Amino acid sequence: MTPALVDVRGLVKHFPGERRLLGLGPPRAVVRAVDDVSFAIAPGQTLGLVGESGCGKSTVGRAILRLIEPDAGRVTIDGQDVVTLGARALRALRRRMQIVFQDPYGSLNPRMTVHQMLAEPLAIHRIASGADAERRIAALLEEVGLDPSFAQSYPHELSGGQRQRVGIARALSVEPNFLVLDEPVSALDVSVQAQVLNLLADLQQRRRLTYLFIAHDLAVVKHIADQVAVMYLGKIVERAPAPTLYGGPRHPYTTSLLSAVPVPDPKAQRQRIVLAGEVPSPAHPPPGCPFHPRCPHPKKDARCRTEPPALREVAPGQLAACHFAEEPL
Amino acid sequence: MTEPLLRVRDLKTYFVTEQGSGTARAVDGVSFEVQPGETLGIVGESGCGKTVTSLSILRLIPEPPGHIRPGSFIEFEGRNLLTLEPRDLRAIRGNQIAMIFQEPMTSLNPVFTVGDQIAEAAIVHQRLSRRAARTRAIEMLRLVGIPDPEERVDHYPHQMSGGMRQRVMIAMALVCHPKLLIADEPTTALDVTIQAQILELLDRLQAELGMAVMLITHDLGVVAGSADRVVVMYAGQVVEQAPTAALFARPLHPYTEGLLASVPRLDAPPAREHGRLHGIPGQVPAATAWPEGCRFHPRCPYAWDRCRAEAPPLLDAGGGAEPGTHTVRCWLLTDPRRRTPHS
């Protein structure tokens with residue numbers, strides 16, 4: 388097997404609770420946003436990281452790039468340890484790893500033209516200047532499906548889909564080999580979402596890019612990912628190759644999540660598992676298995692309330708954190 | 032056939048734009064009906080006019096810059112809402128027709144308890160006493176599945192999660208037992224497990240209360256699961272309308288077809304075997320400059336000369352469908368052999 392390009396081991400990020408009452412009250416509980424997350428991504432592959440709001444998936448993406456500092460764990464990209472790197476070396480490594488954000492409205496500077504946004508990283512990383520930079524910017528725009536005349540536009544003159552293409556071009560400008568895509572199509576209309584997903588697939592093939600694709604939409608992830616990891620309350624609860632996970636989920640949370648997705652086919656006779664209650668606060672996760680208060684598994688017992696299940700291999704290549712993973716719903 | 036509950040005919044809602052770049056014809060000749068007790072899905076992407084349509088029904092369009100053009104007609108139980116006196120309109124709005132919005136965060140008033148906000152409509156429309164209205168608010172909270180309603184009734188919106196707030200919005204809308212509920216993207220801001228809860232709640236309440244629902248959404252999956260009939264909108268017009276089963280089995284407008292092909296599906300084989308999504312090229316034109324002829328022709332894989340020159344009317348789908356039940360705004364229906372895409 389080829390060595391992983393991205394290797395994440397035991398990643399932890401806790402946010403300290405803020406003090407109430409002008410800092411005089413008792414401190415609030417620590418929010419365990421990311422709690423012992425591990426995965427690896429092989430070169431040229433896509434790992435889909437899915438979960439609902441607040442599960443910690445975006446924090447994972449940012450901690451890997453050290454846009455926020457992880458509290459513990461090891462992250463290596465192409466064999467290089469990201470967590471212990473000094474500021475200078477980190478900046479150099481940033482050429483290899485980039486991020487595309489969800490909100491194409493908030494992630495572009497409204498006072499810069501597309502040209503300025505694409506020229507800036509080229510200058511910072513001393514990649515190109517002058518005529519060479521011009522040529523690269525035109526080529527980048529073309530590569531993401533925008534006419535080079537867009538270079539002189541400001542973000543407000545662009546549609547959501549066009550802005551997201553600019554965000555992708557900006558990430559690609561420094562020629563990275565690893566991209567964190569944080570909900571890159573969630574803000575787009577479906578017809579535009581399809582265009583951007585196709586673009587991401589083409590770019591991955593052409594440039595042999597490795598993706599961490601963070602999303603809440605399980606159908607989108609199924610379409611694009613090779614491997615899938617499902618997060619709940621800061622932990623990965625299931626991880627498997629996409630066909631395995633979608634074909635036979637072993638964690639009751641994955642099963643429920645999949646059953647809740649509306650399918651555009653009125654004839655589809657599906658059993659929808661409607662989970663009771665809501666996701667508990669990551670500041671006060673339940674003891675034992677974090678999913679036990681909402682778990683629909685008929686076998687769940689006292690052990691689920693006291694003993695946190697380990698993420699273990701339950702089938703070849705398939706990991707799940709459930710005491711009853713061998714007895715699916 | 033029974034009298035429709037709501038009949039919208041040739042609705043035109045235009046907006047005068049600030050920069051003088053012309054008039055935005057946001058809704059441009061929309062007609063449809065809602066039968067008592069049914070769920071009508073209205074589907075389309077941003078800017079197709081689906082939200083403006085629903086706001087027009089409740090006459091919530093800010094004037095200026097907006098105005099509903101003369102000749103438009105919105106009839107609810109035989110009365111034209113567009114010519115009603117404000118007083119008579121108020122007796123219908125929030126009482127017989129209620130609406131829930133996409134953003135449960137911004138549609139609730141942060142300085143009143145949820146109980147006060149639910150009770151308000153009952154006090155105004157049904158002349159309940161404060162005490163009776165409070166009891167009704169607690170009943171409503173229980174009906175929409177909020178635990179400990181006696182305690183929750185005194186909570187403020189910020190003390191609740193997004194899913195809870197959407198339940199409160201539904202409780203507010205249903206407190207007067209409306210005959211028609213307009214739900215504008217009611218689950219778009221919610222996580223998928225919470226979305227499933229809310230959709231199931233709406234289904235259950237509709238069956239219990241016997242109301243009609245206009246479900247406005249961009250999500251074809253939500254429509255497939257909940258609607259009896261579907262209206263597809265594009266560029267301010269209805270481009271296709273049909274019973275849900277017929278629409279998904281035989282989408283006839285190229286836009287509907289493209290929309291269905293754009294959606295990644297859980298019930299499809301995974302990407303590596305499946306390849307690319309067949310999206311729709313280009314983007315929605317601006318409402319100030321809809322294309323001549325068929326408004327979809329610049330993005331349509333089948334378009335020919337006639338589509339560029341002549342705007343198609345809604346045509347009957349034929350193929351065994353009862354006349355008027357499945358209609359499509361596309362010239363292909365007059366010339367089905369052209370249904371082979373250009374490269």
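These protein sequence lines map, in sequence, to chains A and B. Take the first sequence: its letters are residues 388 to 716, numbered as in this note's numbering. Take the second sequence: its letters are residues 32 to 374, numbered as in this note's numbering. By construction, the Cβ of each residue, glycine as well, lies at the ideal position given by its N, Cα and C atoms. These numbers come from a predicted model, not from an experiment.
At which residue ranges does the segment 407-462 of chain A contain complete beta strand (DSSP E) runs of 3 or more residues, listed in the order of the chain?
418-428 and 433-437
Chain A contacts made by the segment 270-282 of chain B, where a contact means CB separation under 7 angstroms
Hits within the stretch, in order: Thr275, Ala276 and Phe279.
Are the segment 464-479 of chain A and the segment 493-507 of chain A in contact at 8 angstroms, needing three or more beta carbon pairs?
Below 8 angstroms, too few C-beta pairs join the segment 464-479 of chain A and the segment 493-507 of chain A to call them touching: fewer than three.
Examine chain A for any beta-carbon lying closer than 7 angstroms to the beta-carbon of B/Leu297, and answer yes or no.
yes
Return the chain-ordered ranges of every alpha helix (DSSP H) run that is complete within the segment 583-644 of chain A and spans a minimum of 4 residues.
605-611 and 629-634
For the alpha helix (DSSP H) containing B/Ala348, list its first residue and its last residue.
Here B/Ala348 belongs to no alpha helix (DSSP H), and DSSP marks it neither H nor E.
Roughly how many angstroms separate the alpha carbons of B/Leu42 and B/Leu71, rounded to a whole number?
17 angstroms
Would you say A/Ala708 and A/Val624 are within 7 angstroms of each other, going by their C-beta atoms?
yes
Residue range of the alpha helix (DSSP H) that includes B/His156:
Val145 to Gln157
Just to confirm my understanding: we take A/Arg482, look at its own chain, exclude 5 residues before and 5 after, and list those with CB closer than 6 angstroms. What are they?
Closer than 6 angstroms at Cβ, skipping near neighbours: His512 and Val561.
Is it true that the CB of A/Ala506 sits closer than 7 angstroms to the CB of A/Ala520?
yes
Just the C-alpha distance for B/Arg370 and B/Cys331, rounded to the nearest angstrom, thanks.
11 angstroms
Kindly confirm or deny that the segment 597-607 of chain A and the segment 426-440 of chain A touch, where touching means at least three C-beta pairs closer than 8 angstroms.
yes
For a quick check, are the C-beta atoms of A/Asp423 and A/Gly397 less than 7 angstroms apart?
yes
Within chain B, the residues that A/Leu605 reaches when beta carbons sit closer than 8 angstroms
Ordered by position in chain B, the residues that pass the 8 angstroms Cβ test against A/Leu605 are Val223 and Leu297.
Below 7 angstroms between beta carbons is the criterion; list the residues of the segment 181-214 of chain B that meet it against any residue of chain A, in chain order.
Ser192 and Gly194
What's the C-alpha gap between B/Arg360 and A/Asp490?
34 angstroms
Can a CB atom of chain A be found closer than 7 angstroms to the CB of B/Arg56?
With a threshold of 7 angstroms between beta carbons, B/Arg56 makes no contact with chain A.
Does the contact criterion of 3 or more C-beta pairs under 8 angstroms hold for the segment 679-690 of chain A versus the segment 260-273 of chain B?
no
Residue-chain proximity (A/His610, chain B), Cβ-Cβ < 7 angstroms
yes
B/Asp336, buried or exposed, once every other Cβ within 10 Å from all chains shown has been counted against 16:
Classification of B/Asp336: exposed, given that the 10 Å Cβ count is below 16.
Assess contact between the segment 167-175 of chain B and the segment 209-222 of chain B, defined as three or more Cβ pairs (one per stretch) separated by less than 8 angstroms. Is contact present?
The answer is no - the segment 209-222 of chain B does not touch the segment 167-175 of chain B, with fewer than three Cβ pairs under 8 angstroms.
Boundaries (first-last residue) of the beta strand (DSSP E) holding A/Gln485
Start and end: Met484 to Val487.
Can you give the beta carbon distance from B/Ala376 to B/Leu230, rounded, assuming they're within the 8 angstroms contact cut?
Residue coverage of chain B in this structure runs from 32 to 374, which leaves residue 376 of chain B outside it and unanswerable.
Excluding the 5 residues preceding and the 5 following B/Phe63 in the sequence, name in chain order all residues of the same chain whose CB lies nearer than 6 angstroms to its CB.
Val39 and Val262
Three-way DSSP call (helix, strand, coil) for B/His305 in this model:
Unreliable positioning characterises B/His305 in this predicted model, as indicated by a pLDDT of 48, which lies under 50. The coordinate reading is nonetheless provided below. Helix, per DSSP.
Can you tell me whether B/Asp119 is buried or exposed, with buried defined as 16 or more other CB within 10 angstroms of its CB?
Counting every other CB atom within 10 Å of its CB across the protein chains shown gives B/Asp119 a total below 16, marking it as exposed.
Going by DSSP in three states, A/Gly397 sits in which element: helix, strand or coil?
strand
Chain A contact for B/Leu37 (CB, 7 angstroms cutoff)
no
Do A/Pro542 and A/Leu495 have their beta-carbon atoms positioned less than 7 angstroms apart in this structure?
Against a cut-off of 7 angstroms, the Cβ pair of A/Pro542 and A/Leu495 comes out as a contact.
Just the Cα atoms here: how many angstroms apart are B/Arg303 and A/Leu584?
For B/Arg303, the pLDDT reaches just 46, beneath the cut-off of 50, and the residue's location in the model is therefore unreliable, although a value from the coordinates is still provided. So the alpha carbons of these two residues sit roughly 13 angstroms apart.
Quick one: which chain A residues come within Cβ less than 9 angstroms of B/Arg307?
Ala581, Leu584, Asn585, Ala588 and Asp589
Could you spell out where the alpha helix (DSSP H) holding B/Thr33 opens and where it closes?
Here B/Thr33 belongs to no alpha helix (DSSP H), and DSSP marks it neither H nor E.
With a threshold of 7 angstroms between beta-carbons, can B/Pro311 be considered close to chain A, or not?
The amino acid at residue 311 of chain B is misidentified as Pro; the sequence shows Ile. Interface with chain A (7 angstroms Cβ-Cβ cutoff): B/Ile311 is included.
Would you give the residue range spanned by the beta strand (DSSP E) that B/Val199 belongs to?
Unbroken run through B/Val199 is the alpha helix (DSSP H), Gly193 to Leu205; no beta strand (DSSP E).
Can the beta-carbon of B/Ala153 be found closer than 7 angstroms to that of B/Val206?
yes
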